[in-house]
Structure formats: structure tokens, C-alpha cells
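Numbering (my numbering), first residue to last: 20 to 218.
Cβ coordinates follow ideal geometry from the N, Cα and C atoms, glycine included.
For clarity, every value in this text was computed on a predicted model and none was experimentally measured.
One structure is given here, and the rest of the page talks about it.
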């Protein structure tokens, strides 16, 4: 119970820290992103939705200290959301395509980087739920890259025992990951249904 309370306090502190960072680093640039959306032919209502969704994505980040250029990061999120929206439309103004293409960047998008960090964090959380011995073996094998022989020698056990623990750990991780993905899909589906009913 105490651990849960401490975890909640840490989450609350992180959310406050992110909110302060957004107010300081992102809000002053929002008008520039809105101006770009207007130039690209995005109506005011759609611009509001895109900006709001970008803020939601920022709020989901575990940390913001890795973001060197907050404006570029925020702009890139909004641009990617707009591109996704335009791809779903049948008719896209040529000016919009030209404007968006002018900002093309082959580097991983901020969303991709954030998704990678989230996935890595989720994997570490799942590994932490394994029994202690299994967890240590999976960490040594899958994260630190030790061979089964090295692990067996280090822990004073057989390679066969190490292999079995790795197999059990990976099976658990796959099942837990699939369940987490399914839960997230279900939650998103419920959220979209509620949003559709409100309209």
C-alpha cells in the first residue's frame, strides 16, 4: 500500500513537472503552430483538435528532459497528426501537400522516439513483475546480452535451467504485452465510442 502511495506521489510530481514545462516551453509557441495550420488550410475547429491531441501526447510522456527543441518537437507532433488526418481524407489541397512536404524529415519523429521510450519502459515494468530468479536471468540474457553459459556459470546452475527460465520469462512477457495491447485497444475503442456519442 505504501509503495502504491509513493508511486502515486511520484506520478503526480511528474505530471506537475511536465505541466510546468509545457507552460514554459510549449505554450509560448502555440500561436506559431496555429498560424502554420491556418496557412495549410486547416479550419479553426480542426486546429483546436490537433493542438489538443498534441498536448495529450505530451502529457503521456514519462519525461521531457530529452527534448532539446520543444517548439520543433511540438510542431512535429502536430504536423504528423495533420498528415495522418489528411491521409484519411479523399481530397487534399495541393498547397497543403507542398507545405507539409517542405517540413519532411527522415529522422524518427518525436512520436516514434516517445513510443520507443514508452515501449522500453513498459518492457522493463513487465520484466520487474517476473519472479526474482527468472527476472535476473532474463535481464542478463535479453538486456545485458550474456550467453546462457555465462549466466549458468555466474549463477552456479546448468545451461538447461537458464534456458528454461528464459523461455518461461519470455512467454510471460509476450502474454503480458499482448494483454496490455488488447487492454489499450479496448480502452481506445471505448473512448472513441464515447466521443462519437457526444457528437
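Could you check if residue i is buried or exposed, using at least 16 other CB atoms within 10 Å of its CB as the buried criterion?
i: residue 276; result: Because residue 276 is not part of the residues shown, which for the chain are 20 to 218, the question remains open.
i: residue 188; result: buried
i: residue 162; result: exposed
i: residue 197; result: exposed
i: residue 95; result: buried
i: residue 184; result: buried
i: residue 160; result: buried
i: residue 143; result: exposed
i: residue 157; result: buried
i: residue 61; result: buried
i: residue 181; result: buried
i: residue 31; result: exposed
i: residue 80; result: buried
Take residue i as the anchor and find which of the options has the nearest alpha-carbon.
i: residue 97; options: 140, 142, 51; result: 51
i: residue 200; options: 65, 79, 102, 141; result: 141
i: residue 59; options: 82, 104, 47, 36; result: 104
i: residue 12; options: 148, 90, 91, 81; result: Shown here, the chain extends from 20 to 218; a query on residue 12 therefore has no answer.
i: residue 89; options: 81, 48, 101, 35; result: 48
i: residue 100; options: 40, 69, 81; result: 69
i: residue 66; options: 102, 91, 191, 42; result: 102
i: residue 86; options: 75, 45, 57, 54; result: 45
i: residue 146; options: 177, 80, 192; result: 192
i: residue 175; options: 152, 190, 186; result: 152
i: residue 39; options: 63, 83, 57, 73; result: 83
By the DSSP assignment, the alpha helix (DSSP H) with residue i in it spans what residues?
i: residue 54; result: 49-58
i: residue 77; result: 63-78
When every heavy atom of the ligand FAD is checked, does at least one fall within less than 8 Å of the C-beta of residue i?
i: residue 173; result: Ligands are entirely absent from the displayed structure, and the ligand FAD is therefore not among its contents.
Ignoring anything shorter than 4 residues, give me the alpha helix (DSSP H) runs that lie fully in the stretch 140-189, in order along the chain. The qualifying runs are 151-157, 167-174.
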